[in-house]
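S.K.:
2 protein chains.
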Amino acid sequence: MATIVIIGGGFGGLACAQALGAGLRGTAHRVILVDRRNYHLFQPLLYQVATAALSPADIAVPLRHILARYRNVEVMWGEVTGIDVARREVRLDDRPPLTWDRLALATGGHYSWFGHDDWAVHAPGLKTMADARTIRARLLAAFERAEMETDPVRQRQLMTCAIVGGGPTGVEMAGAVAELARWTLRHDFRRADPRQTRIVLIEAGPRVLAGFPESLSRYAETALAKLGVEVRTGARVTAISANHVDIGDEHIPAGTILWAAGMTASAAGRWLGVETDKAGRIPVAPDLSVPDRPGVYAIGDTALCRGADGKPLPGLAQVAQQQGTHLGRALTRNLVDGTPMPPFRFRNRGDTAVIGRHAAVFDFGWARLTGRIAWLLWGLVHIVLLVGFENRVIVGAQWLWNYFTRERGARLIE
Amino acid sequence: MATIVIIGGGFGGLACAQALGAGLRGTAHRVILVDRRNYHLFQPLLYQVATAALSPADIAVPLRHILARYRNVEVMWGEVTGIDVARREVRLDDRPPLTWDRLALATGGHYSWFGHDDWAVHAPGLKTMADARTIRARLLAAFERAEMETDPVRQRQLMTCAIVGGGPTGVEMAGAVAELARWTLRHDFRRADPRQTRIVLIEAGPRVLAGFPESLSRYAETALAKLGVEVRTGARVTAISANHVDIGDEHIPAGTILWAAGMTASAAGRWLGVETDKAGRIPVAPDLSVPDRPGVYAIGDTALCRGADGKPLPGLAQVAQQQGTHLGRALTRNLVDGTPMPPFRFRNRGDTAVIGRHAAVFDFGWARLTGRIAWLLWGLVHIVLLVGFENRVIVGAQWLWNYFTRERGARLIE
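Top to bottom, those sequences are chains A and B.
The first sequence begins at 5 in the working numbering and counts up by one.
The second sequence begins at 5 in the working numbering and counts up by one.
(1) Return yes when the Cβ of B/F216 is within less than 8 angstroms of the Cβ of B/D367, no when it is not.
(2) Just list the beta strand (DSSP E) runs in the stretch 351–413 of chain B, keeping only unbroken ones of 3 residues or longer that don't cross its boundaries, in chain order.
(3) Who are the near neighbours of A/A363 in its chain, counting only those whose CB is closer than 7 angstroms to its CB and skipping five residues on each side?
(4) If the criterion is Cβ atoms closer than 8 angstroms, does the pair B/A32 and B/M5 meet it?
(5) Out of A/I11, A/Q327, A/C165, A/A312, which one is the CA nearest neighbour of A/R199?
(6) Run through chain B and tell me which residues come within less than 7 angstroms of A/V397, C-beta to C-beta.
(7) Taking contact to mean 3 or more Cβ pairs, one atom from each stretch, closer than 8 angstroms, check whether the stretch 273–293 of chain B and the stretch 345–357 of chain B are in contact.
(8) Name the DSSP beta bridge partners of A/D197, please?
(9) On the DSSP bridge assignment, give the partners of B/R202 in chain order.
(10) Provide the residue(s) that pair with A/S245 in DSSP beta bridges, ordered along the chain.
(11) Using a Cβ-Cβ cut-off of 6 angstroms (strictly less than) and excluding sequence neighbours within five positions of B/Y301, which residues of its own chain qualify?
(12) For B/R351, which residues from the same chain have a beta carbon less than 8 angstroms from its beta carbon, with the 5 sequence-adjacent residues on both sides left out?
(13) Name the residue from A/T188, A/R236, A/D253 whose alpha carbon lies nearest to the alpha carbon of A/N406.
(14) What is the rounded straight-line gap between the Cα of B/R424 and the Cα of B/A145?
(15) Are the stretch 146–158 of chain B and the stretch 231–240 of chain B touching by the rule of at least three beta carbon pairs closer than 8 angstroms?
(16) Answer yes or no: do B/T260 and B/G284 have a C-beta to C-beta separation smaller than 8 angstroms?
(17) What residue range is occupied by the uninterrupted alpha helix (DSSP H) comprising A/T173?
(18) What are the residues in the stretch 29–61 of chain B lying within 9 angstroms of chain A by C-beta distance?
(19) Return the CA-CA distance between B/L390 and A/H69, expressed in angstroms with no decimal places.
(20) Would you please state the rounded distance, in angstroms, between the beta carbons of B/M133 and B/A180? I believe it to be under 8 angstroms.
(21) DSSP three-state call for A/T55: helix, strand or coil?
(22) Can you tell me whether B/D39 is helix, strand or coil according to DSSP?
(23) Among B/R415, B/V9, B/W81, B/L50, which has the Cα closest to the Cα of B/R41?
(24) If you count every other CB in all the chains shown that lies within 10 Å of the CB of B/E279, and 16 or more means buried, which is it?
(25) Ends of the beta strand (DSSP E) at B/H114?
(26) Need the endpoints of the beta strand (DSSP E) that B/M133 sits in, please.
(27) I need the DSSP call for A/Y223, collapsed to helix, strand or coil.
(28) By alpha-carbon positions, which one of B/A265, B/T173, B/A72, B/W382 ends up nearest to B/G119?
(29) Roughly how many whole angstroms lie between the Cα atoms of A/D39 and A/I11?
(30) Under the assumption that A/L320 contacts A/C309 (Cβ atoms under 8 angstroms), give the Cβ distance between them as a whole number of angstroms.
(31) Have a look at B/T356, B/L220, B/I167 and flag the residue whose alpha-carbon is nearest the alpha-carbon of B/A208.
(32) Going by beta-carbon coordinates alone, are A/L184 and A/T7 separated by less than 8 angstroms?
(33) Looking at chain B, is there any beta carbon in it that lies within less than 8 angstroms of the beta carbon of A/D155?
(34) Buried or exposed: which applies to B/S221, given that a residue is buried once 16 or more other Cβ atoms fall within 10 Å of its Cβ?
(35) Cβ of B/R415 less than 8 angstroms from any chain A Cβ?
(36) Which two residues bound the contiguous alpha helix (DSSP H) that contains A/L262?
So this is what it looks like as structure tokens:
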């Protein structure tokens, strides 16, 4: 009887637990999924919580609930503090350690502020539910303060939102903030005019959505400009304070500053004592195992895994999910009849980002889509991928409502 | 041109602003509603947020949004720190004071721990959205800890929920916690059995729902007992710590302790320097004005207002709402053509409390309802009274979903 411990209930860890739960049904093997949250977060829609379109519970499902049907799988709510590879133990902050026979690390990543940790307090990143609530409160509070402000210069500053990082999250945030300001809030204020909100998207590289083909980046930049977003490419941020962002010598006063650049992997590499790449990811063998750490595997944003072209696979939900499923199935066969661990192969199911109403991009490798069709497909795909039938209905209903009324129902400062 | 300042955007303040906004349309009079939150909270359903059935945004609507159509009404997000009656000023924490010609105090109330302020941290009350999130997290975390606990005595303690106060909030919480434990969570755990949860409802008086006729109290006690809630009437709490409640000499170990007893009015009486009753309420004249404070009115939980029978009106949403509408209309006529302020008369539209599935009580004065019909009517009335069409649809959909699946979709520890 083996114990498999999975750390992290994101896309990778959850898929791994589900595959193991289904495969090991009826055996005596035990699977333990540890997470410091009690829910699985559907991160692709987190920006909609941050911009008041959806509620936290709409994109989160209790891990216990998703995994309740798999009798071999246990969920443990707890914080991992380290790993003892020699003793095959996972250390927890307030409980005795867990002993494992196989260990899957799916601990994800978090934002890094390029060594400027002091920027974090002024420019929060969007990775957790708490981040989304912080950003929502800051965005809405800035408009409230602008309404009360009598100094026009200060009012203009409060009504400026700067977003650092032109990847999918930055682009989606910029589009959503534009729609919130120009449509949802347009009648709500008396002295401030939210339609005059300045939104600046700052990207250090030559184009936004660098992971997509160049034509889609161009499309996104045009669509953002139509929404009134100033896209600043080739612009490196040199300073951030509570109320401004500097790009070189240029000083941009801003009431809200959001960070969507620079991810770094979790502490898993340090726990194992292995050499990681610059982004903190653990290089893995083709079967997702960590070299020289027998029985240890890493998936998702924790792992540096190369694709067929030799390039590292990107930090996408679909990569993590496919790796989780692959690892869960491979471990099942290995435990049940000793089948060796097969290599992982990524199959690109299409990469997408949404800019706003009727504007999105889709890249399937063999085909590209933009505009209304891409936007509709984006919505359908996200409804289908959401976990839980109830969430699908609620999110679908809210989207329809938002579409026809431009309303965003979760405008709480809390 | 007069300025009317309303402090508080609860049921009373909001109704007053709406009546003034409608009545003063086209005039030069100005209405300012000040609240420290940016939303109106539908408090009767707050216990459903605390027990993971609804999300915060489902029962909250931005005050600005509700009042956007009334061009004379401005909403100000800010914290009132005091009132200068002589100078007719409302002091704010971070802005210059507001000058008023008429002032409506609708500042509500909060829980009081009978002089035991140290109990508050162990036994949170349910009044704000933050309270609801705190209680939700504590309830869910207690089950998570029970699952990990190996000592059966300690596990039993973690799976005990004590609720102090047998009014509508205490009864509704007890019923909802019972349904959460016995149904929603029943398959989610491996070592703890949520169906074994002990729920103790502690009431110092001789019966629960003391504001209702005695037959309805008896019905509620029977219905609670059916849900497995231990109802302890005539039981006075003598001590509360992080993990127990004492009733006289009896020691009840409890993992979650909730407070639903003893309300006290806000600081408004102190601001005005008037004598209040024991519960901090400001005695008002029949027209809701505060004696010796010209131009000042108090409504809702802030006011001690006597009904036709000479007894103080209860602290109910319908009382606050009727007073707000009355005051708004009376002030409109007074400002527009000098009509004297008429006295307020409360019309009882029926008082209700829900215990659980198919179990509620309704008291119309001339008629009483219990059971399935009362429960259906309770649901219909609350859907109709909710503010915002979108909220009605979302809450209605979630209730239907909960009804058929026993699911509660907002089980987040955050």
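Every residue gets a Cβ at the ideal spot worked out from N, C-alpha and C, and that includes glycine.
These numbers come from a predicted model, not from an experiment.
M.R.: Reading off the structure:
(1) Numbered from its first residue, the second sequence carries residue 367 of chain B at position 363. Numbered from its first residue, the second sequence carries residue 216 of chain B at position 212. In this structure, B/F216 lies closer than 8 angstroms to B/D367 by Cβ.
(2) 355–360, 363–367, 372–374
(3) Stepping through the first sequence from its first residue, residue 363 of chain A is reached at position 359. Hits under 7 angstroms: A227, G375, W379.
(4) Locating residue 32 of chain B in the second sequence gives position 28, where the first residue counts as 1. Locating residue 5 of chain B in the second sequence gives position 1, where the first residue counts as 1. Contact: yes.
(5) Within the first sequence, the letter at position 195 stands for residue 199 of chain A. Checking every option, the nearest Cα to that of A/R199 belongs to A/C165.
(6) Locating residue 397 of chain A in the first sequence gives position 393, counting from the first residue. In chain order: A401.
(7) yes
(8) Translated into the one-based positions of the first sequence, residue 197 of chain A becomes position 193. BP columns for A/D197 are empty, so no partner.
(9) If you number the second sequence from 1, residue 202 of chain B lands on position 198. B/R202 pairs with B/T164.
(10) As a working mapping, residue 245 of chain A is identified with position 241 in the first sequence. A/H248, per the DSSP bridge assignment.
(11) For the purposes of this step, residue 301 of chain B is taken as residue 297 along the second sequence, with counting starting at 1. Once the five neighbours on either side are set aside, the close Cβ partners of B/Y301 are A108, L292, S293, L331.
(12) Here residue 351 of chain B refers to the residue found at position 347 of the second sequence. Taken in chain order, the residues that qualify are Q326.
(13) Looking up residue 406 of chain A in the first sequence gives position 402. With distances taken between Cα atoms, A/N406 lies closest to A/T188.
(14) This structure cannot settle anything about residue 424 of chain B, because the visible part of chain B is limited to 5 through 418.
(15) no
(16) Counting from one through the second sequence, the residue named residue 260 of chain B turns up at place 256. Counting from one through the second sequence, the residue named residue 284 of chain B turns up at place 280. No. Outside cutoff.
(17) Here the question's residue 173 of chain A lines up with position 169 in the first sequence. Counting along the chain, the alpha helix (DSSP H) containing A/T173 begins and ends at 172–183.
(18) R41, N42, Y43, A56, L58, S59, P60, A61
(19) Mapped onto the second sequence, residue 390 of chain B falls at position 386. Mapped onto the first sequence, residue 69 of chain A falls at position 65. Spanning the two alpha carbons is a distance of roughly 29 angstroms.
(20) Position 129 of the second sequence, counted from the first residue, corresponds to residue 133 of chain B. Position 176 of the second sequence, counted from the first residue, corresponds to residue 180 of chain B. So it is not a contact: roughly 17 angstroms between Cβ atoms.
(21) Against the first sequence, residue 55 of chain A aligns to sequence position 51. Coil, per DSSP.
(22) Numbered from 1 along the second sequence, position 35 holds the residue referred to as residue 39 of chain B. Strand.
(23) Counting from 1 along the second sequence, the entry for residue 41 of chain B is found at position 37. Closest by alpha carbon: B/W81.
(24) As a position in the second sequence, residue 279 of chain B is number 275, starting the count at 1. Answer is exposed; the Cβ neighbour count stays below 16.
(25) Stepping through the second sequence from its first residue, residue 114 of chain B is reached at position 110. 113–115 is the extent of the beta strand (DSSP E) around B/H114.
(26) By 1-based counting over the second sequence, the position of residue 133 of chain B is 129. Where B/M133 is concerned, there is no enclosing beta strand (DSSP E), although the alpha helix (DSSP H) it sits in stretches over 133–152.
(27) For the purposes of this step, residue 223 of chain A is taken as residue 219 along the first sequence, with counting starting at 1. Note: A/Y223 maps to helix in three-state DSSP.
(28) Looking up residue 119 of chain B in the second sequence gives position 115. B/G119 has its Cα closest to that of B/A265, out of B/A265, B/T173, B/A72, B/W382.
(29) Here residue 39 of chain A refers to the residue found at position 35 of the first sequence. Here residue 11 of chain A refers to the residue found at position 7 of the first sequence. So the alpha carbons of these two residues sit roughly 6 angstroms apart.
(30) Here the question's residue 320 of chain A lines up with position 316 in the first sequence. Here the question's residue 309 of chain A lines up with position 305 in the first sequence. A/L320 to A/C309, Cβ: 12 angstroms. No contact.
(31) Within the second sequence, numbered from 1, the residue matching residue 208 of chain B stands at position 204. It is B/I167 whose Cα lies nearest to the Cα of B/A208.
(32) As a working note, residue 184 of chain A is residue 180 in the first sequence. As a working note, residue 7 of chain A is residue 3 in the first sequence. Their beta carbons are not under 8 angstroms apart, which means A/L184 does not touch A/T7 by this criterion.
(33) Start at 1 with the first residue of the first sequence, and residue 155 of chain A comes out as number 151. Taking Cβ atoms only, chain B never reaches closer than 8 angstroms to A/D155, which makes this a no.
(34) For the purposes of this step, residue 221 of chain B is taken as the residue at position 217 of the second sequence. Counting Cβ neighbours within 10 Å, B/S221 comes out buried, since at least 16 surround it.
(35) Within the second sequence, residue 415 of chain B is the residue found at index 411, counting from 1. Yes, because at least one Cβ of chain A sits closer than 8 angstroms to the Cβ of B/R415.
(36) Walking along the first sequence from the start, residue 262 of chain A turns up at place 258. From DSSP, A/L262 is part of no alpha helix (DSSP H) but of the beta strand (DSSP E) over 260–263.
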